[in-house]
Structure formats: structure tokens, C-alpha cells
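Each remark here refers to the structure printed beneath this line.
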Amino acid sequence: MSKNGEITEVLTRGPGRPRSEEARRAILETTLELLQKTGFNDLSIESVAAQAEVGKATVYRWWPNKAALVMEAFVLAVESELKYASTGSAEAVIRDQMRRWTKVFRTPLGKVISAVIGAGQSEPEMLEAFRHYYVQPRRVEARKLLREAMLNGEIRSDIDPDTILDLLYGPLYLRLLLHHAELTPELADLVFDIVMPGLKPR
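Take any residue in the sequence shown, count from 1 to its spot, add 137: that is its number in our numbering.
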């Protein structure tokens with residue numbers, strides 16, 4: 138992800154890929170490109186299919202709706218940046234990931250995700266796509282990290298991991314959605330420093 142917020146080309150086609158995989162990758166690449174130009178609301182399956190030079194039925198073969206397509210493209214674009222580190226204390230790993238989260242969600246892709254969540258209030262399939270492609274896979278990683286920290290005595294074991302994640306990431310999502318104040322890595326640090334002392338073993 139470049140500093141000026143433009144989405145770099147992260148989906149590349151290697152030599153010798155089967156044609157169906159070539160088409161799938163082309164669709165995801167095209168989705169990212171069009172999102173930069175049109176935003177989520179004006180993006181259409183028809184425009185993606187036309188620019189990717191595939192039939193509309195080909196798009197629907199892999200994704201049931203626009204939200205699912207957009208979310209998979211988003212995840213592929215940011216997955217490497219938002220994975221939790223495999224080494225280090227739980228505190229250090231979570232703080233680092235929260236800071237990277239704010240940087241990613243400040244880019245044009247963050248505006249797309251904000252639009253998806255907003256549309257999900259009246260169109261449930263939007264929220265379902267967000268949960269399926271982004272939230273749940275990240276939470277699987279985070280729950281494992283938190284449970285290991287509980288076993289190691291780093292944090293309290295009497296609080297559900299999902300509640301801990303809601304406490305840490307809830308304020309970040311609030312800024313993302315309401316735009317009432319800036320979403321910054323410094324906010325992630327502040328939230329972390331307020332919440333973590335309450336998670337220490339008693």
C-alpha cells in the first residue's frame with residue numbers, strides 16, 4: 138500500500154495458471170481498480186465483468202453478490218499487512234496489528250469498507266460478506282493469540298476473547314464509520330493503553 142493511499146497492484150498472474158484462475162484473478166484485480174475510480178456504491182458486477190473481459194455469469198460463479206466480490210478483493214489486498222505476527226508477546230503483537238489496522242483503513246479501501254458496513258444496515262448480505270471474508274478469519278487468529286496469552290498468564294482468563302477484541306477494536310470502527318474524528322495509529326495506542334491494564338491477571 139503506497140503512502141499516498143493508492144492501492145498497489147497486489148494480485149498478479151503467474152505463468153501457467155489455469156484459465157479459470159486467470160479469469161478469477163483478473164476479476165479481483167479489476168474490482169480493486171474500479172473501486173479506486175467509482176467507490177463501492179457505483180461499482181457494478183456488469184462493469185467489473187466488462188473491464189475484466191469475462192461474462193457476468195463468470196463473476197457470479199465465484200461470488201453471489203457485489204459485497205462478496207469486494208470483500209474478497211479487499212482481503213487479498215491487505216491480508217499480508219493485517220496478519221498478526223507469529224512471534225512476540227500478545228501485548229506487542231496486538232498493539233502492532235492495531236496500528237497497522239488504522240493505517241490500512243485510512244486508505245481509499247477503508248472508505249470502501251465503511252460503505253459496505255453502512256449498506257449492511259439495510260442489506261444484510263453486505264454485513265454477512267464483511268463478517269465472512271474479513272472479520273471471522275481475523276478473529277480466528279486473534280482468539281488463538283488471546284487464549285495462548287491466557288494460558289501463559291499474560292492476561293485474565295475470565296473474559297471471553299471476543300469481548301476483549303470488541304473493547305480494543307470497537308473505538309477504531311467507531312471512528313471509521315462516523316468520521317467524527319481522525320483514525321490514527323495514536324488512537325490505537327491510546328485505546329490499547331486504556332484497555333490492557335484491565336486485562337492483567339488480578
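Beta carbons are placed, not taken as given, at the ideal position from N, Cα and C, and that holds for glycine.
Span of the alpha helix (DSSP H) around residue i
i    : result
F197 : At residue 197 the sequence reads Tyr, which differs from the Phe that was named. Element bounds for Y197: K193 to W199.
M208 : K203 to L219
T184 : The sequence shown places Ser at residue 184, not Thr. Element bounds for S184: I182 to A189.
Burial state of residue i, where buried means 16 or more other Cβ atoms lie within 10 Å
i    : result
T300 : exposed
G192 : exposed
A229 : exposed
L327 : exposed
K203 : buried
R339 : exposed
I331 : exposed
E121 : Absent from the model: residue 121. The displayed extent of the chain is 138 to 339, so no value can be given.
T244 : buried
E190 : exposed
Other residues of its chain near residue i: CB distance less than 8 Å, five sequence neighbours each side excluded
i    : result
R161 : W199
T195 : A160, I164 and A186
G290 : P338
L180 : T168, L171, L172, K203 and V207
L90  : Residue numbering for the chain in the displayed model covers 138 to 339; residue 90 lies beyond these limits and cannot be assessed.
A252 : G176, F177 and N178
Same chain, Cβ closer than 7 Å to residue i, neighbours up to 5 away in sequence not counted
i    : result
L302 : R276 and A279
D353 : Nothing about residue 353 can be reported from this structure: the residues present for the chain run from 138 to 339 only.
6 Å CB neighbourhood of residue i in its chain, flanking five on each side removed
i    : result
H317 : none
L264 : G257
S294 : M287
A266 : A204, A205 and M208
Original post:
Unbroken alpha helix (DSSP H) runs of length 4 or more, entirely within the stretch 241-321: which are they?
Top reply: 245-256, 261-267, 273-288 and 298-315
Original post:
Would the stretch 311-323 and the stretch 283-293 be scored as touching if the rule is three or more Cβ pairs under 8 Å?
Top reply: no
**OP:** Would you check if there are 3 or more beta carbon pairs closer than 8 Å linking the stretch 161-175 to the stretch 215-230?
**Re:** no
Subject >> Stretch pair the stretch 229-240 + the stretch 180-195: three plus CB contacts closer than 8 Å >> reply: Contact between the stretch 229-240 and the stretch 180-195 is absent, with fewer than three C-beta pairs closer than 8 Å.
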